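Notes to accompany the following structure.
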Amino acid sequence: MKVEWLWEPSVAAWNKLFNASKGYIRLMTIAPELPQSHEVMREAAKKDVVLSIGHSAASYEEVLAAIDNGAAHVTHMFNAMEPFHHRKPGVALGAFLHNELKVELIADGIHVHPAVMKLIYHIKGDGGIILITDAIRASGMPNGDYTFMDQKIKVKDKKAYLHDGTLAGSTLTMNQAIKTMVKQVDVPLTHAVRMASLNGAKVLGRAHHKGILAVGKDADLVVMDDDFEVHMTVYEGQIKFRSDTIKE
-9 MKVEWLWEPS VAAWNKLFNA SKGYIRLMTI APELPQSHEV MREAAKKDVV LSIGHSAASY
51 EEVLAAIDNG AAHVTHMFNA MEPFHHRKPG VALGAFLHNE LKVELIADGI HVHPAVMKLI
111 YHIKGDGGII LITDAIRASG MPNGDYTFMD QKIKVKDKKA YLHDGTLAGS TLTMNQAIKT
171 MVKQVDVPLT HAVRMASLNG AKVLGRAHHK GILAVGKDAD LVVMDDDFEV HMTVYEGQIK
231 FRSDTIKE
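-9 is the number of the first residue of the sequence shown in the numbering used here; add one for each residue after it.
Listed below in structure tokens is the structure:
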């Protein structure tokens, strides 16, 4: 993230942003330790926007205050936040101790070590984790040089990083996130799929349409093989992708 792209929270700036989105903002990441953040959070909550704590150095006490002001989510757990410290608890401990907070997880085995992902799973359970990719446009591409937010990045062995070694998003895809949870974190397949589908739909208030296969739902599904490679995708009952391995 470029420093010059950051702005201090204010209700006026939030209203301008929301109006520009024409009401399409459904989830917002905010650092609750910043001045006026609580005012912005309360204003956003009135618009049914999910408030997510992230890119934050908030203390544990500031996390509790954020929950009181509507925070219900944590952006990419353990990334862009202070490391867990036994004398200076912050966002990570707040997320662990409070069921009000659902957590996002970049399950590529790079952003968070598989052993730490096991800890998150044991504490938050299959209902408290939302798998995300945090993918950039180099996702799915071979090793090489790319750009991200006007910055040069290098992709090597599925890892995207800046010249100084800082991670710059990911090249993860959702099927591979499910595979990581099953193969490296020992999560049951049904739990991993829930983290990739129903949980996110619930956070966004879309569970009445998305996230499960049932009468009256949107008929979204993905067909994968035993190695989690995608062979077919269906969106609202219409086939959008079919590999050569699946015949008409």
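For every residue, glycine included, the Cβ atom is placed at its ideal position computed from N, Cα and C. These numbers were taken from a predicted model, which means no experiment stands behind them.
query: Below 8 Å on the Cβ atoms is my guess for Leu91 versus Ile120; work out the distance and round it to an integer in Å.; result: Not a contact, Cβ separation roughly 11 Å.
query: For Glu33 versus Val1, is the C-beta distance shorter than 7 Å?; result: yes
query: Are Pro(-1) and Val30 touching if we call contact CB-CB under 7 Å?; result: yes
query: Take Ile20 and list the residues in its own chain whose beta-carbon comes closer than 6 Å to its own, dropping the five residues that flank it on each side.; result: Ser27
query: Would you please state the rounded distance, in angstroms, between the beta carbons of His101 and Leu152? I believe it to be under 8 Å.; result: The Cβ separation is near 14 Å, so there is no contact.
query: As an exercise, report each continuous alpha helix (DSSP H) stretch of at least 4 residues that is fully enclosed by the region 37 to 76, in chain order.; result: 50 to 58
query: With a CB to CB cut of under 6 Å and the five nearest residues on each side skipped, what residues in its chain are close to Gly118?; result: Lys92
query: By alpha-carbon positions, which one of Val64, Lys114 and Ser233 ends up nearest to Leu17?; result: Val64
query: When the Cα atoms are used, what is the spatial distance from Ala149 to Ser160?; result: Just to set this straight, residue 149 is Lys in the shown sequence, not Ala. Near 6 Å, if we compare the C-alpha coordinates of Ser160 and Lys149.
query: Compute the Euclidean distance between the alpha carbons of Lys6 and Gly13, then round it to the nearest angstrom.; result: 11 Å
query: CB-CB under 7 Å to Lys114, same chain, minus the five flanking residues each way: which ones, in chain order?; result: Val93
query: Using the rule of at least 16 other Cβ atoms within 10 Å of the residue's Cβ for burial, across every protein chain shown, is Leu(-4) buried or exposed?; result: exposed
query: Just curious, the beta strand (DSSP E) that Gly134 is in, first and last residue?; result: Gly134 to Phe138
query: Using DSSP with H/G/I as helix, E/B as strand and the rest coil, what is Tyr111?; result: helix
query: Reducing DSSP to helix, strand and coil, say where Leu157 ends up.; result: strand
query: His112: buried (16+ other C-beta within 10 angstroms of its C-beta) or exposed?; result: exposed
query: Given a threshold of 16 other Cβ atoms within 10 Å of its Cβ, counted over all protein chains shown, does Pro22 qualify as buried or as exposed?; result: buried
query: Can the beta-carbon of Gly99 be found less than 7 Å from the beta-carbon of Thr170?; result: yes
query: With DSSP run on the structure shown, which of helix, strand or coil describes Ala97?; result: coil
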